[in-house]
Amino acid sequence: MPQLDPSTFGTQLFWLGICFVALYGVMALIVLPRISSTLQARASQLDDDLAEAEALREKAETALAAYEEALAEARSRALTLAQDMRAEVQAETDRQKAALDAKLAEQAQAAEVAMTKARDAAMDGLSDAASALVGDVMDAIGTVKADDAAVAKAVKTVAAE
Amino acid sequence: MAGKSGAEGGAGIDPMHQFEVQPIIELPTVAGIDTSFTNSSLWMALAVGLASLLMITASRRTAIVPGRMQLMGEMAYSFVANMIKENVGTEGMKYFPFIFSLFMFILFCNMLGMLPYSFTVTSHLIVTFALAATVFLLITGVGFARHGIGFLKLFVPSGIPVVLLPLLVVIEVISYLTRPVSLSVRLFGNMMAGHTMLKIFGGFVVGLGSAGLVPLAIAPFALMVAFTGLELLIAGLQAYVFTILTCIYLNEAIHMDH
Numbered sequence: 034m035p036q037l038d039p040s041t042f043g044t045q046l047f048w049l050g051i052c053f054v055a056l057y058g059v060m061a062l063i064v065l066p067r068i069s070s071t072l073q074a075r076a077s078q079l080d081d082d083l084a085e086a087e088a089l090r091e092k093a094e095t096a097l098a099a100y101e102e103a104l105a106e107a108r109s110r111a112l113t114l115a116q117d118m119r120a121e122v123q124a125e126t127d128r129q130k131a132a133l134d135a136k137l138a139e140q141a142q143a144a145e146v147a148m149t150k151a152r153d154a155a156m157d158g159l160s161d162a163a164s165a166l167v168g169d170v171m172d173a174i175g176t177v178k179a180d181d182a183a184v185a186k187a188v189k190t191v192a193a194e
Numbered sequence: 009m010a011g012k013s014g015a016e017g018g019a020g021i022d023p024m025h026q027f028e029v030q031p032i033i034e035l036p037t038v039a040g041i042d043t044s045f046t047n048s049s050l051w052m053a054l055a056v057g058l059a060s061l062l063m064i065t066a067s068r069r070t071a072i073v074p075g076r077m078q079l080m081g082e083m084a085y086s087f088v089a090n091m092i093k094e095n096v097g098t099e100g101m102k103y104f105p106f107i108f109s110l111f112m113f114i115l116f117c118n119m120l121g122m123l124p125y126s127f128t129v130t131s132h133l134i135v136t137f138a139l140a141a142t143v144f145l146l147i148t149g150v151g152f153a154r155h156g157i158g159f160l161k162l163f164v165p166s167g168i169p170v171v172l173l174p175l176l177v178v179i180e181v182i183s184y185l186t187r188p189v190s191l192s193v194r195l196f197g198n199m200m201a202g203h204t205m206l207k208i209f210g211g212f213v214v215g216l217g218s219a220g221l222v223p224l225a226i227a228p229f230a231l232m233v234a235f236t237g238l239e240l241l242i243a244g245l246q247a248y249v250f251t252i253l254t255c256i257y258l259n260e261a262i263h264m265d266h
């Protein structure tokens, strides 16, 4: 078994030492620091990016909140505006209606007055005509001389019944 | 293929031949150590070179959105980093470069060993033992540095009758000291056994084929294909196992929770 030949141990150990130290030097001084710094740079870049994303997200949320606030305000303003307008319109309508009502009531009253007047006049006319007719009838019969005042009084009494 | 161990007469294919360390460039012995550049050294250097090249290329771009190579490098980084964070915690990240290098070294040595005619560095016990011993010494050092002499409490289980204590302390010490052995033998054994088996089945295929029994060679060939897939899995898995056991031992040394 060549592995058990001690004459080869010296050279193997000698070159193993040289090779391993060389490999260790290359790894420890060149390769590993480079990879380590790359990995660290990547990690910090990722952290930075995440922090930035977080900041941007917060900003977006603030903007959204402001927008929603503005929207709510605008909505409430629109509501009050609409309510005011409605109240105004209502008031105007009420006012106009009241005026119209008053006018109509006035006209109705005037008409009533006129109607009463007319009716009274008509009634008066009717009494006069009836008195005249009664006087004429009594004249025609010729028994009793018609007393105008009495006839008118009698007619009025009848008419009032 | 005619190595110095082909002594049996060349008829069979020696499955152990692939593990022979042969010098490519003879270099002088310095302070009692043979420094010759061998096939083992070559594949170690190739593994280190390839791993370095890939990782340097992968880490060249430092884009926020990674490309394919960059992503691969970052996945390797995160894989080992997560292993340490889960098993040791953030204190363990101090040893991240070492553990990452360990993982990459074993992974690339194992994977390059799967190439035909290559040499599997990790199929040699001395190499895996050297790695495991380094881990063992580092972890023991960390334990004593953090807890001082209190680190020895690791060997004294709590809530045990005093009568049993001497026995259990001995068992604990033995199990602690055998860690580098089990760690190295696991990796070495897996690598060597897998490659030996592939070689033996390869030998069947060639032997049956050259004997004119091509239909009979289909079965070992199919097995070889299946075993190659399995060996690739094992190559990755053993690198992972070695690394995660290092993490677990490190966690024990740092936190001492039994």
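The listed protein sequences derive, respectively, from chains A and S.
Residue 34 is where the first sequence starts when you use my numbering, and the numbers rise one by one after that.
Residue 9 is where the second sequence starts when you use my numbering, and the numbers rise one by one after that.
A virtual CB, placed ideally from N, CA and C, is assigned to each residue, including glycine.
{"Check": "Helix, strand or coil for residue 43 of chain S? Go by DSSP, reduced to three states.", "Outcome": "coil"}
{"Check": "CB residue 27 of chain S to CB residue 34 of chain A, shorter than 9 Å?", "Outcome": "yes"}
{"Check": "Does the stretch 109 to 123 of chain S come into contact with the stretch 49 to 68 of chain S, if we say contact requires no fewer than three beta-carbon pairs (one atom in each stretch) closer than 8 Å?", "Outcome": "yes"}
{"Check": "Consider the Cβ of residue 68 of chain S: report whether some Cβ of chain C lies at a distance smaller than 9 Å.", "Outcome": "Absence of chain C from the displayed structure is noted, the protein chains being A and S."}
{"Check": "How would you call residue 78 of chain A, buried or exposed, if buried means at least 16 neighbouring beta carbons within 10 angstroms?", "Outcome": "exposed"}
{"Check": "Is there a Cβ of chain A sitting closer than 9 Å to that of residue 239 of chain S, yes or no?", "Outcome": "no"}
{"Check": "How would you label residue 170 of chain A, buried or exposed, when you count the other beta carbons within 10 angstroms and need 16 or more for buried?", "Outcome": "exposed"}
{"Check": "The stretch 218 to 242 of chain S: which residues have C-beta closer than 8 Å to a C-beta of chain A, in chain order?", "Outcome": "none"}
{"Check": "Starting from residue 33 of chain S, trace the beta strand (DSSP E) in both directions and tell me its first and last residue.", "Outcome": "31 to 33"}
{"Check": "Using the beta-carbon of each residue, which ones in chain S are nearer than 7 Å to residue 75 of chain A?", "Outcome": "72"}
{"Check": "Closer than 7 Å by beta-carbon distance: list the chain A residues that pair up with residue 49 of chain S, in chain order.", "Outcome": "44 and 48"}
{"Check": "Apply the 10 Å Cβ neighbour rule to residue 86 of chain S and answer buried if 16 or more other Cβ atoms are within range, or exposed otherwise.", "Outcome": "exposed"}
{"Check": "Spatial neighbours of residue 47 of chain S within its chain, please: C-beta separation below 7 Å, excluding the five flanking residues on both sides.", "Outcome": "29, 30, 32 and 127"}
{"Check": "How many whole angstroms separate the CB atoms of residue 101 of chain S and residue 92 of chain S, which I take to be in contact at a CB cut-off of 8 Å?", "Outcome": "6 Å"}
{"Check": "Using 9 Å as the limit for Cβ to Cβ distance, is residue 257 of chain S near chain A?", "Outcome": "no"}
{"Check": "Secondary structure at residue 37 of chain S, three-state DSSP: helix, strand or coil?", "Outcome": "strand"}
{"Check": "Which word fits residue 104 of chain A, buried or exposed, when buried means at least 16 other C-beta atoms lie within 10 angstroms of its C-beta?", "Outcome": "exposed"}
{"Check": "Helix, strand or coil for residue 42 of chain A per DSSP?", "Outcome": "helix"}
{"Check": "If you count every other CB in all the chains shown that lies within 10 Å of the CB of residue 260 of chain S, and 16 or more means buried, which is it?", "Outcome": "buried"}
{"Check": "Between the beta-carbon of residue 96 of chain S and the beta-carbon of residue 258 of chain S, is there less than 9 Å?", "Outcome": "yes"}
{"Check": "What are the start and end residues of the alpha helix (DSSP H) that includes residue 153 of chain A?", "Outcome": "65 to 174"}
{"Check": "Which residue comes first and which comes last in the alpha helix (DSSP H) that contains residue 34 of chain A?", "Outcome": "Element bounds for residue 34 of chain A: n/a, residue is neither H nor E."}
{"Check": "Going by the CB atoms, is the gap between residue 63 of chain S and residue 54 of chain A shorter than 9 Å?", "Outcome": "no"}
{"Check": "Residue 19 of chain S CB to nearest chain A CB: under 9 Å?", "Outcome": "For residue 19 of chain S, the pLDDT reaches just 42, beneath the cut-off of 50, and the residue's location in the model is therefore unreliable, leaving the point undetermined."}
{"Check": "Where in the stretch 95 to 137 of chain S do unbroken runs of the alpha helix (DSSP H), each at least 4 residues long, occur, reported from the N-terminal end onward?", "Outcome": "104 to 121"}
{"Check": "Would you mind stating whether residue 133 of chain S and residue 73 of chain A have Cβ atoms separated by less than 9 Å?", "Outcome": "no"}
{"Check": "For residue 205 of chain S, decide whether its Cβ has a neighbour in chain A, counting only Cβ atoms nearer than 9 Å.", "Outcome": "no"}
{"Check": "At the level of alpha carbons, what is the spacing between residue 82 of chain A and residue 113 of chain S?", "Outcome": "38 Å"}
{"Check": "Tell me which same chain residues have a C-beta within less than 7 Å of the C-beta of residue 227 of chain S, skipping the five on either side of it?", "Outcome": "none"}
{"Check": "Is the stretch 194 to 206 of chain S touching the stretch 174 to 182 of chain S, taking contact as three or more C-beta pairs under 8 Å?", "Outcome": "no"}
{"Check": "Looking at the unbroken alpha helix (DSSP H) that takes in residue 69 of chain S, where does it start and where does it end?", "Outcome": "Where residue 69 of chain S is concerned, there is no enclosing alpha helix (DSSP H), given that its DSSP letter is neither H nor E."}
{"Check": "List the residues of chain A whose Cβ lies closer than 7 Å to the Cβ of residue 147 of chain S, in chain order.", "Outcome": "Within chain A, no residue comes near residue 147 of chain S; the closest Cβ sits about 16 Å away, beyond 7 Å."}
{"Check": "Helix, strand or coil, according to DSSP, for residue 143 of chain S in the structure here?", "Outcome": "helix"}
{"Check": "Would you kindly work out how many angstroms separate the C-alpha atoms of residue 183 of chain S and residue 221 of chain S, rounded to a whole number?", "Outcome": "51 Å"}
{"Check": "Can you look up residue 180 of chain A in the DSSP assignment and give me helix, strand or coil?", "Outcome": "coil"}
{"Check": "What's the call for residue 191 of chain A, buried or exposed, on a 16-neighbour Cβ count within 10 Å?", "Outcome": "exposed"}
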